[in-house]
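Below is one structure, written out as structure tokens; the observations come after it.
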Amino acid sequence: MSSHDKIPLPPTSLFPDAATRERVEDRLTRALAQAAERVLRGPVMPDIDMTALRRELAAFDFTQPRPLQELIDWAIGSLEHGTVHMTHPRYFGLFNPAPNFPSQCADRISGAFNPQLASSGSSPAPVAIEQHVIRAFAARAGLPEDAAGHFTTAGSEANYTALICALTRANERFASDGVRAFDGPVAFYTSRECQPAWHKIAHQAGVGRSALRLIATDGAGRMDVRALAEAVREDRRRGTVPVLISTTAGTTGAGMIDPLEPCATVAREHDVWYHVDAAWGGAALCSDRLRREMAGIELADSVTLDAHKWLATTMGCGMFITRHPAILSEAFRVGAEFMPSSATSIDPYLNTVQWSRRFLGLRLFLALGAAGWQGYGAHVERAAQVIDSARERLAARGWSIANDSRLAVLCVLPPAGSPPVRDIVRRVLASGQAWVAVAKLEGREVIRICATHGEITSADVDVLVSALEAAR
Ligand SMILES: *Cc1c(COP(=O)(O)O)cnc(C)c1O
55 MSSHDKIPLP PTSLFPDAAT RERVEDRLTR ALAQAAERVL RGPVMPDIDM TALRRELAAF
115 DFTQPRPLQE LIDWAIGSLE HGTVHMTHPR YFGLFNPAPN FPSQCADRIS GAFNPQLASS
175 GSSPAPVAIE QHVIRAFAAR AGLPEDAAGH FTTAGSEANY TALICALTRA NERFASDGVR
235 AFDGPVAFYT SRECQPAWHK IAHQAGVGRS ALRLIATDGA GRMDVRALAE AVREDRRRGT
295 VPVLISTTAG TTGAGMIDPL EPCATVAREH DVWYHVDAAW GGAALCSDRL RREMAGIELA
355 DSVTLDAHKW LATTMGCGMF ITRHPAILSE AFRVGAEFMP SSATSIDPYL NTVQWSRRFL
415 GLRLFLALGA AGWQGYGAHV ERAAQVIDSA RERLAARGWS IANDSRLAVL CVLPPAGSPP
475 VRDIVRRVLA SGQAWVAVAK LEGREVIRIC ATHGEITSAD VDVLVSALEA AR
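Just so it is clear: in the sequence shown, position 316 is 370 by our numbering, and no numbers are missing.
Structure follows, in structure tokens:
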């Protein structure tokens with residue numbers, strides 16, 4: 055017998071025949087649709103018995119194979135009862151959207167072809183599609199025609215990429231010597247209201263957490279430009295090397311937009327990299343009305359955008375865009391003979407943090423293609439209108455408005471004499487009627503309400519308002 059005959063058949067549990075796949079997939083599609091229906095009628099909060107879940111998990115010792123169908127049903131049940139429901143229209147939550155349908159279709163397509171996007175040699179069409187979408191957003195932000203970038207796992211990776219680019223540009227020896235290349239300790243700047251991943255990014259990038267300067271805000275949640283300019287000057291005077299200023303265009307807590315143009319001027323004066331973290335708020339670029347809020351973003355050396363937030367793609371879909379794409383090729387260059395291509399300015403593995411890479415950009419390509427700027431703009435404006443309506447209804451009942459944002463996030467305080475914000479939020483969550491968060495704005499705890507779901511109705515806003523009123 056030749057060794058050829060000894061190759062066993064592949065395990066059908068992993069690679070079933072076409073008819074089985076079709077049956078399981080069709081049933082999966084129906085099961086998901088039914089679960090989605092039940093989620094809409096049920097509580098926003100998880101109602102799972104975690105003791106029971108852990109017991110069931112312990113029983114999966116993986117010695118005996120189980121039927122896939124049974125596993126799928128178990129997984130759907132665990133998600134249906136064991137998560138806060140981002141797909142519930144009364145999840146007024148943390149930027150986590152109910153995913154739009156085109157992006158869900160994209161995930162199926164990517165999952166089926168499973169292209170490797172590390173290299174344009176193996177995935178010429180997917181790499182070109184991603185570049186096309188990146189350029190479309192770059193143009194929408196007013197960046198020059200030769201701006202470029204890539205999709206990232208999320209906003210944090212994009213912000214990390216910005217810091218690496220800033221360091222690489224600030225000192226040509228950073229590539230070989232790291233922070234030892236600099237004449238003094240390096241520093242970078244963002245506001246006190248920044249997204250906290252910047253602390254981890256400082257750690258990861260090797261500049262150390264103490265390199266992060268949290269600049270004071272103006273009392274309304276925006277970076278104080280004079281405090282920024284003063285901090286940069288003071289650092290310079292003491293021999294510290296400023297490398298990056300990052301403004302936030304749509305803060306995580308309150309949707310506030312730092313003064314983008316004045317901060318760009320400070321960055322230019324001191325010749326440091328200017329980054330705009332528009333992870334959530336950047337979606338406003340889709341709307342002709344709201345994009346005005348983003349004026350100044352066009353001055354950025356780099357921009358972070360998250361499609362998995364307000365643009366409502368499936369989870370984990372960020373973008374990094376820069377007007378200096380050559381810096382990316384410098385920061386992420388590497389030699390690898392085994393790779394199918396080594397096109398310096400094109401291949402994602404030569405220009406980004408990741409190596410193996412999923413086809414994330416298809417999500418935004420299908421969504422933007424299906425909606426057009428106009429459809430996406432309508433989606434974004436609708437969310438802002440939902441928040442306008444919640445603002446009006448709460449203000450009419452004596453609540454005070456803590457943030458001054460035109461975007462789709464609202465921070466409120468209950469009327470005088472109400473219980474503390476934390477207690478109110480706890481009661482709202484316990485009611486299962488809606489999900490809202492406690493956030494801090496200018497050092498004060500507020501109730502944060504964000505329109506993340508694309509299909510919120512005024513009836514949902516009514517339920518939210520009643521739940522908040524009942525909870526105080
Ligand atoms: C969400 C967010 C981040 C972090 O992005 P992830 O996609 O969660 O990694 C960074 N900055 C801002 C302003 C954000 O809203």
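Every residue, glycine too, gets a C-beta built ideally from N, C-alpha and C.
Note down, in chain order, each residue of its chain lying with its Cβ closer than 8 Å to the Cβ of residue i, except the 5 sequence neighbours on either side.
i, result
"Pro-296", "Val-240, Ala-241, Phe-242, Tyr-243, Val-286, Asp-289, Arg-290, His-324 and Val-326"
"Ala-90", "Thr-141"
"Thr-511", "Pro-143"
"Val-515", "Val-440, Ser-443, Ala-444 and Arg-447"
"Glu-391", "none"
Helix, strand or coil for residue i? Go by DSSP, reduced to three states.
i, result
"Lys-494", "strand"
"Asp-331", "strand"
"Val-78", "helix"
"Val-297", "strand"
"Ser-454", "strand"
"Glu-352", "helix"
"Cys-317", "helix"
"Ile-269", "strand"
"Gly-431", "helix"
"Gly-336", "helix"
"Met-373", "strand"
"Thr-66", "coil"
"Asp-360", "strand"
"Gly-536", "A question about residue 536 goes unanswered here, because the residues of the chain that appear run from 55 up to 526."
"Ala-488", "coil"
"Ala-172", "coil"
"Cys-248", "coil"
"Phe-419", "helix"
"Val-138", "coil"
"Ile-102", "coil"
"Glu-509", "coil"
Please list the terminal residues of the continuous beta strand (DSSP E) segment that includes residue i.
i, result
"Val-466", "463-467"
"Gly-203", "202-206"
Suppose contacts are defined by Cβ-Cβ distances below 9 Å. Is residue i in contact with residue j by that definition?
i, j, result
"Leu-467", "Val-475", "yes"
"Pro-313", "Gly-350", "yes"
"Val-407", "Ile-218", "yes"
"Phe-191", "Ile-375", "yes"
"Ala-484", "Met-140", "no"
"Glu-499", "Ala-493", "yes"
"Gly-147", "Val-138", "yes"
"Pro-169", "Phe-386", "no"
"Val-233", "Gly-273", "no"
"Arg-417", "Thr-367", "yes"
"Leu-359", "Ala-318", "no"
"Ala-193", "Ile-126", "no"
"Pro-402", "Ser-173", "yes"
Exposed or buried, residue i, counting other C-beta atoms within 10 Å across all chains shown (16 or more means buried)?
i, result
"Gln-428", "exposed"
"Thr-222", "buried"
"Gln-249", "buried"
"Glu-79", "exposed"
"His-186", "exposed"
"Gln-487", "buried"
"Asp-331", "buried"
"Asn-213", "buried"
"Glu-226", "exposed"
"Lys-60", "exposed"
"Phe-205", "buried"
"Lys-363", "buried"
"Ser-399", "exposed"
"Arg-267", "buried"
For the alpha helix (DSSP H) containing residue i, list its first residue and its last residue.
i, result
"Ser-410", "No alpha helix (DSSP H) contains Ser-410, which DSSP labels as neither H nor E."
"Asp-289", "279-291"
"Gly-232", "Segment: none, Gly-232 is in no alpha helix (DSSP H) and carries neither H nor E."
"Gly-528", "Residue 528 lies beyond the stretch modelled for the chain, which goes from 55 to 526, so this question has no answer here."
"Ile-126", "122-135"
"His-253", "251-259"
"Val-181", "178-194"
"Asp-516", "512-525"
"His-58", "57-60"
"Ile-163", "155-167"
"Pro-379", "379-385"
Using a Cβ-Cβ cut-off of 7 Å (strictly less than) and excluding sequence neighbours within five positions of residue i, which residues of its own chain qualify?
i, result
"Arg-377", "Leu-197, Pro-198, Ala-201 and Asp-355"
"Ala-283", "Val-320"
"Val-434", "Ala-337, Ala-338, Cys-340, Ser-341, Leu-344 and Trp-364"
"Met-310", "Glu-247, Ala-274, Gly-275, Arg-276, Asn-457 and Ser-459"
"Ser-5", "Since the first and last residues shown for the chain are 55 and 526, residue 5 lies out of range."
"Pro-394", "Ser-173, Gly-175 and Ser-176"
Who are the near neighbours of residue i in its chain, counting only those whose CB is closer than 6 Å to its CB and skipping five residues on each side?
i, result
"Ser-454", "Leu-467"
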